[in-house]
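Numbering (this note's numbering), first residue to last: 48 to 777.
Scroll down for the structure; my scribbles are underneath it.
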Amino acid sequence: MTSPRFEEGALIGVLTTQPLDRVLDYRAPRGGCAAGDHVEVPFGPRKVTGVVWGQGAGDYDPAKVKSAIRVLDLPPMRAPMREFLGRVADYTLTPMPAMLRLATRAPGLTDPPGMRKIYRRGHGQPARMTPARARVLDLLEEHDGLGFMLGELADLAGVGSSVVKGLVASGAVAEEEAPRDVPYPPLDPDMAGKALTTDQELAAARLREGIAAGRYGTTLLKGVTGSGKTEVYLEAVAACLKAGRQALVLLPEIALTAEFLTRVEARFGAKPAEWHSGVTTTERRRCWKMVAENGAQLVVGARSALFLPFHDLGLIVVDEEHDTSYKQEDGVLYNARDMAVLRASLERAQVVLASATPSLESWVNVQQGKYARLDLESRYGPAVMPEMRAIDMRTEEVPSGSWISPALKGAVMQRLERGEQSLLFLNRRGYAPLTLCRACGHQIGCKHCDARMVEHRFLKRLMCHQCGETAPMPETCPNCEVAGKLAAVGPGVERITEEAQALFPDARVTVLSSDLFGSARALKARILEIAEGAADIVVGTQLVAKGHNFPKLTLVGVIDSDLGLQGSDLRAAERTFQLMRQVAGRAGRAEARGTALLQSFQPEHPVIRAILSGDEEGFWAAEAASRRAAGVPPYGRMAGIVISSPDMQQAFDLGNRLARLDAPLRRIGAQLFGPAPAPIARVRGRHRVRLLVKAEKTAPLQSALAEWAAQVRVPANARLAIDIDPQSFL
Numbered sequence: 048m049t050s051p052r053f054e055e056g057a058l059i060g061v062l063t064t065q066p067l068d069r070v071l072d073y074r075a076p077r078g079g080c081a082a083g084d085h086v087e088v089p090f091g092p093r094k095v096t097g098v099v100w101g102q103g104a105g106d107y108d109p110a111k112v113k114s115a116i117r118v119l120d121l122p123p124m125r126a127p128m129r130e131f132l133g134r135v136a137d138y139t140l141t142p143m144p145a146m147l148r149l150a151t152r153a154p155g156l157t158d159p160p161g162m163r164k165i166y167r168r169g170h171g172q173p174a175r176m177t178p179a180r181a182r183v184l185d186l187l188e189e190h191d192g193l194g195f196m197l198g199e200l201a202d203l204a205g206v207g208s209s210v211v212k213g214l215v216a217s218g219a220v221a222e223e224e225a226p227r228d229v230p231y232p233p234l235d236p237d238m239a240g241k242a243l244t245t246d247q248e249l250a251a252a253r254l255r256e257g258i259a260a261g262r263y264g265t266t267l268l269k270g271v272t273g274s275g276k277t278e279v280y281l282e283a284v285a286a287c288l289k290a291g292r293q294a295l296v297l298l299p300e301i302a303l304t305a306e307f308l309t310r311v312e313a314r315f316g317a318k319p320a321e322w323h324s325g326v327t328t329t330e331r332r333r334c335w336k337m338v339a340e341n342g343a344q345l346v347v348g349a350r351s352a353l354f355l356p357f358h359d360l361g362l363i364v365v366d367e368e369h370d371t372s373y374k375q376e377d378g379v380l381y382n383a384r385d386m387a388v389l390r391a392s393l394e395r396a397q398v399v400l401a402s403a404t405p406s407l408e409s410w411v412n413v414q415q416g417k418y419a420r421l422d423l424e425s426r427y428g429p430a431v432m433p434e435m436r437a438i439d440m441r442t443e444e445v446p447s448g449s450w451i452s453p454a455l456k457g458a459v460m461q462r463l464e465r466g467e468q469s470l471l472f473l474n475r476r477g478y479a480p481l482t483l484c485r486a487c488g489h490q491i492g493c494k495h496c497d498a499r500m501v502e503h504r505f506l507k508r509l510m511c512h513q514c515g516e517t518a519p520m521p522e523t524c525p526n527c528e529v530a531g532k533l534a535a536v537g538p539g540v541e542r543i544t545e546e547a548q549a550l551f552p553d554a555r556v557t558v559l560s561s562d563l564f565g566s567a568r569a570l571k572a573r574i575l576e577i578a579e580g581a582a583d584i585v586v587g588t589q590l591v592a593k594g595h596n597f598p599k600l601t602l603v604g605v606i607d608s609d610l611g612l613q614g615s616d617l618r619a620a621e622r623t624f625q626l627m628r629q630v631a632g633r634a635g636r637a638e639a640r641g642t643a644l645l646q647s648f649q650p651e652h653p654v655i656r657a658i659l660s661g662d663e664e665g666f667w668a669a670e671a672a673s674r675r676a677a678g679v680p681p682y683g684r685m686a687g688i689v690i691s692s693p694d695m696q697q698a699f700d701l702g703n704r705l706a707r708l709d710a711p712l713r714r715i716g717a718q719l720f721g722p723a724p725a726p727i728a729r730v731r732g733r734h735r736v737r738l739l740v741k742a743e744k745t746a747p748l749q750s751a752l753a754e755w756a757a758q759v760r761v762p763a764n765a766r767l768a769i770d771i772d773p774q775s776f777l
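So this is what it looks like as structure tokens:
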């Protein structure tokens, strides 16, 4: 579709990232411009960037309308992308400038092209040939004149950078300046992938058909852990690349990218573009530009990659689609899984939602015929599903201050004797969730939040998991000042690690928790070492449940299976079921069969029974019936409203005023609950008040919420956030 073009001096509407509630009128710059062009415009005494959104409104004094300064040397924002941003803004009740910031969040986009040094084969020869120099020259000749960065060339040749620089001095290697923003190496979709099972090939064929049709469609790819879902959707990626279109794979955790990138490189002969907080700012700029210019065929990224300016997007894969990290909880409050479906519908693209334990929303959409479904029932190769059993903690003799039962201890000992790995899982970071004074009963809390400080003994700090505040571990009670009476209450993964080291003194025990790694790269490296057998016992949080493959791991022991069942979260049962099934799936992914043991004080609980029986369809059907009866998502609509302020009374006054002005909500039949203090009533020094709106599935909730919220003026130091389809109720 050709974007409307505006001649020089014509009235245009420009959307900027400035915090305004409207598109601004300007005159088209010299040479004219088109809808979607990135432009530089005057904004008071400053120059800011924006996007030509269309024709100007003309509701401003024409004599005062300024001219845009210039069209920037950036690929125009395509019409489907502009519509996508508008639709997401309408759904999430987000101002359009905030949406534009999300879509242009790459540093230095308006800077002139940067340069970097690259190295190619030169015309000279070194005075003395060594094996290291020969490897460098052979590599350059093998790649027929392609240029490499210094580190890249040294790594591939297995030499130090000084070897390359020595060859430059001799003229055998040429050092050149080249633009930094260059296309990514081409991926070869015709390379042979792994041999697929019959089930995998049937699923891959269905996905290829969807790609070939060139139209929108969403497919739930459900497969037990280790069934080879990745290999199946990589076949869909190959079909997309053959069709000349771009593909996007969303992953829930940065730590998953290292192994996945290796698999992509093995399948297509080159690494894809990456987009997440762990890549450098230079690479983020390069990725943004190359995606827009069709210089990146495949992007692997976190949820924000969904807002990249794809030239021709043909496939979106949402791996581990049930994962809660796809929900953005600050800024623009969106669910990347749901917005992926929206973007694909506008791009005539296919969506693959991959999971061993799908979200109830996706399960219901399949039941209602909105999504297709493909199932992989068995594990790939010789691997079989793990045996799952409960350990009834009511009958176990566990010493005080210990959490590993005798039954679980015996199972770990068996694995150690056989040279196999065990995983002890507890979804609680740190050493202990509570530090208590035994003299006065004081619980050490955060100064800025209504939350307890969590002891992180390995870091020798107390940490607030709400705001990130840290403090040294005190020697005396901050309340009564008595020394030697502070006690750690309850276990975290660090405490379980300490206990495992005492129980198994000859074993190599390691802990996997995001707190203990300074960078994503260090975490990736440790995961790779564990996969290669560098640990006998792994103690981990939910980080280990997400897609990692540890071939030698045959036992999973869940320390506290009841932990997620506490509280009033409407998704508690669903999340516990998903997490337990996912973590159990880490066991027995190679030849030896795995076992998962769940320590529980309530093994007769319906969720625990469903986990052990493996009756997933029965669990989803029962959970769906319960939600339908309550009229809550996915059978009803909800919105969470959080008011925060440094002044608690101010926050409640605003909440009460909103509650009195609920006519727009009553008109659509919605119910309003609150205001009430949020479960965590103070975060970073700001008091938090919650309201909850519940409505029928077909109710026009967004328009009613917008009208309702517009009735009040939010004080400058207060904030009002509306979260459509909330995932968290804290």
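The beta-carbon is built from N, C-alpha and C at its ideal position, and this holds for glycine as well.
By the 16-neighbour rule on beta-carbons within 10 angstroms, histidine 734 is buried.
Arginine 476 and aspartate 562 do touch by the CB rule: their CB atoms are close to 5 Å apart, below 8 Å. The continuous beta strand (DSSP E) containing lysine 741 extends over residues 733 to 743. Fully enclosed beta strand (DSSP E) runs of no fewer than 3 residues occupy 320 to 322 and 345 to 348 of the segment 313 to 363, in order along the chain. Taking a C-beta distance under 8 Å as the contact criterion, phenylalanine 648 and arginine 485 do not qualify as a contact pair. DSSP places valine 398 inside the beta strand (DSSP E), whose first and last residues are 397 to 402. Here lysine 599 carries a coil assignment [DSSP, helix/strand/coil]. When the alpha-carbon of aspartate 607 is set against those of Asp616, Thr623, Ala686 and Leu617, the nearest one is in Thr623. Look at serine 449 here: in three-state DSSP terms it is coil, with no helix or strand label.
Excluding residues up to 5 positions away in sequence, Ile301, Gly348 and Ala349 lie with their Cβ nearer than 6 Å to the Cβ of histidine 323 in the same chain. With respect to glycine 83, valine 98 sits close: the two C-beta atoms are nearer than 8 Å.
Between lysine 241 and alanine 286, the alpha-carbon positions lie close to 15 Å from each other. Out of Val95, Arg462, Pro109 and His85, the CA that lies nearest to the CA of alanine 57 is found in Pro109.
By alpha-carbon distance to alanine 639, the top candidate from Thr482, Val759, Glu434 and Gly457 is Glu434. Residue pairing for threonine 309: DSSP places it in no beta bridge. Look at glutamine 65 here: in three-state DSSP terms it is coil, with no helix or strand label. Nearest in C-alpha terms to glutamate 248, of all of Ala225, Pro233 and Ser274, is Ser274. Per DSSP, the beta-bridge partners of histidine 85 are Val98. Contact annotation, valine 211 with alanine 201: C-beta distance approximately 6 Å; criterion of less than 8 Å satisfied. With respect to the C-alpha of leucine 67, the residue from Glu663, Glu321, Met143 and Val398 having the closest C-alpha is Met143. DSSP, read as helix, strand or coil, puts valine 388 in helix. Collapsing the DSSP output to three states places glutamate 222 in a strand.
Taken through DSSP and simplified to helix, strand or coil, glutamate 664 comes out as helix.
Taking the Cα positions, isoleucine 771 is about 48 Å away from glycine 531. Around the beta-carbon of glutamate 522, fewer than 16 other beta-carbon atoms lie within 10 Å, marking it exposed.
For isoleucine 715, there is no enclosing alpha helix (DSSP H), since its DSSP letter is neither H nor E. Taking isoleucine 258 as the centre and dropping the five residues before and after it, the same chain places the C-beta of Ala283, Ala286, Cys287, Ala290, Gly361, Leu362 and Gln397 closer than 7 Å to its C-beta, in chain order. The closest CA to that of leucine 132, considering only Phe666, Leu297 and Leu355, is found on Leu355.
A direct Cα-to-Cα measurement between valine 70 and glycine 103 gives close to 8 Å. CA-to-CA, the gap between proline 598 and arginine 633 works out to about 9 Å. When DSSP reads this structure, glutamate 502 sits in a beta bridge with Ala479 and Leu509. Between arginine 760 and alanine 698, the alpha-carbon positions lie close to 12 Å from each other. Under the three-state reduction of DSSP output, alanine 535 falls in the strand class.
Here the alpha carbons of valine 501 and valine 536 stand approximately 10 Å from one another.
Of all C-beta pairs linking the segment 462 to 474 to the segment 488 to 507, fewer than three are shorter than 8 Å, placing the two stretches out of contact. Counting every other CB atom within 10 Å of its CB across the protein chains shown gives histidine 170 a total below 16, marking it as exposed.
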